[in-house]
Structures are given as structure tokens and as C-alpha cells.
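Using the numbering used here, you'd call the opening residue of the sequence shown number 3 and step up by one each time. Backbone N, C-alpha and C define an ideal beta-carbon position, used for all residues, glycine too.
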Amino acid sequence: MRSLPGQQHGDDEDKIDFGGGNVHVVKSKDDWDEKVAEANKDGKIVVVNFSASWCGPCRVISPFYAEMSQTYPQLMFLAVDVDELMDFSSSWDIRATPTFFFLKNGQQVDKLVGANKPELEKKVAAVAGAALTHRAIPFRPRQTDHHEP
Numbered sequence: 003m004r005s006l007p008g009q010q011h012g013d014d015e016d017k018i019d020f021g022g023g024n025v026h027v028v029k030s031k032d033d034w035d036e037k038v039a040e041a042n043k044d045g046k047i048v049v050v051n052f053s054a055s056w057c058g059p060c061r062v063i064s065p066f067y068a069e070m071s072q073t074y075p076q077l078m079f080l081a082v083d084v085d086e087l088m089d090f091s092s093s094w095d096i097r098a099t100p101t102f103f104f105l106k107n108g109q110q111v112d113k114l115v116g117a118n119k120p121e122l123e124k125k126v127a128a129v130a131g132a133a134l135t136h137r138a139i140p141f142r143p144r145q146t147d148h149h150e151p
């Protein structure tokens with residue numbers, strides 16, 4: 003991990019851990035492709051946090067994001083450091099950090115820009131509910147021997 007600009011690299015409290023919880027830190031485009039393919043195969047919605055180590059709001063929301071990854075195991079949580087994967091991040095047109103994308107079958111279904119905890123939680127809960135609904139056992143009417151009038 004990189005330190006904030008102007009900080010000593012040995013100072014652990016200046017580093018940010020984008021991982022934690024069940025968050026997978028994406029290290030390459032191949033890594034990304036592998037995780038998204040895995041999510042698609044498993045029918046999981048992907049939540050992606052595009053962040054930067056120097057970004058104050060990113061540092062604040064990162065532990066909350068990790069906590070949500072444990073609360074919603076039916077989703078796949080990924081993190082991308084925009085400075086580590088600059089070209090890849092540019093392809094997503096990231097203009098501010100943090101930026102969160104919600105993907106289903108590799109396609110964007112929602113987006114949130116900024117470290118707005120209540121809004122992030124609302125969006126994650128909504129896609130988690132949708133993920134559960136789509137993976138639920140189909141409804142089958144109960145078979146009865148008699149008919150009600």
C-alpha cells in the first residue's frame with residue numbers, strides 16, 4: 003500500500019486497507035475478469051469500490067464497506083485502487099473517489115459517487131434483496147385434495 007503524499011512509508015496508520023471483511027482487492031485486469039466471471043456464474047451481483055489511498059472520504063468509508071461485505075455474503079464486494087490500476091479505472095470513467103458501481107451479469111445496474119454511508123447502505127440492501135429474490139426457489143401452488151367454494 004502507498005502512504006499519503008508527504009508521509010513516511012513506514013507509518014502504518016497512514017495506510018488504508020481496501021480489503022478487509024469479504025472484500026477482494028483487484029490487482030489486475032485479469033483478476034477483475036476472473037472475479038466478475040465467478041460472480042456471473044454464481045448469480046451474484048458485484049459491488050465495486052473505486053478508491054484511492056490518498057482520499058480522505060475513501061479512508062472513512064472503507065471499514066464500513068468491509069463490514070457490509072460480511073453482512074451481505076450473497077453479493078461480491080470488490081475494491082480497485084485507482085492509482086494502482088490507472089488505465090482500468092479510466093475505462094470506467096472515474097471522476098471522483100470513492101465511486102461505487104453495482105453490476106449484474108457484468109452490466110452496470112446502479113452507481114454511487116461519494117462516501118455517503120446511508121445511501122451506500124440503501125443501495126447495497128436494495129441489490130442484496132434483488133439478488134435474493136432472483137435466487138429464491140420458484141413459487142409452486144400447494145396441491146390440495148379438495149376445492150374451496
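Taking the Cβ atom as the reference point for each residue, do residue i and residue j lie within a distance shorter than 8 Å?
i      : j      : result
Asn24  : Pro75  : yes
Val115 : Val129 : no
Val49  : Phe102 : yes
Lys46  : Met78  : yes
Is residue i helix, strand or coil by DSSP?
i     : result
Gln72 : helix
Ile47 : strand
Ser30 : coil
Ser5  : Bear in mind that the predicted position of Ser5 carries a pLDDT of just 34, short of 50, making it unreliable; the figure below should be weighed with that in mind. Coil at Ser5, not helix or strand.
Leu55 : Per the sequence shown, the amino acid found at residue 55 is Ser instead of Leu. Coil.
Could you pull out every residue in the same chain whose Cβ sits closer than 6 Å to the Cβ of residue i, ignoring the five residues on either side in sequence?
i     : result
Val28 : Trp34, Leu80 and Val82
Val68 : At residue 68 the sequence reads Ala, which differs from the Val that was named. Same-chain partners within the cutoff: Gly22, Gly23 and Val25.
Would you mind reading off the limits of the alpha helix (DSSP H) that contains residue i?
i     : result
Asp89 : Met88 to Ser93
Counting along the chain, where does the beta strand (DSSP E) carrying residue i start and finish?
i     : result
Asp85 : That residue, Asp85, is in no beta strand (DSSP E); it is neither H nor E in DSSP.
Thr99 : Here Thr99 belongs to no beta strand (DSSP E), and DSSP marks it neither H nor E.
For chain C, find out if any of its Cβ atoms is closer than 8 Å to the Cβ of residue i; answer yes or no.
i      : result
Gly108 : Of the protein chains in this structure there is only one, and it is not chain C.
Tell me which residues share the same chain as residue i and place their Cβ nearer than 7 Å to its Cβ, disregarding the 5 neighbours each side in the sequence.
i    : result
Pro7 : Bear in mind that a pLDDT of 36 at Pro7, under 50, signals an unreliable position, so the model cannot answer this.
By Cβ distance below 8 Å, which residues in the same chain neighbour residue i in space, the five residues on each side in sequence not counted?
i    : result
Thr2 : Only positions 3 to 151 of the chain appear in this structure, which leaves residue 2 out of reach.
- Inter-stretch contact (C-beta, 8 Å, three-pair minimum) for the stretch 60–68 and the stretch 86–94: no
- Message: Using 8 Å as the cut-off, can you tell me whether the stretch 106–117 makes contact with the stretch 68–85, which would need three or more C-beta pairs spanning the two stretches below that distance?
- Response: no
- Task: Determine, using beta-carbon pairs with one atom in the stretch 49–58 and one in the stretch 81–88, whether at least three such pairs fall under 8 Å.
- Result: yes
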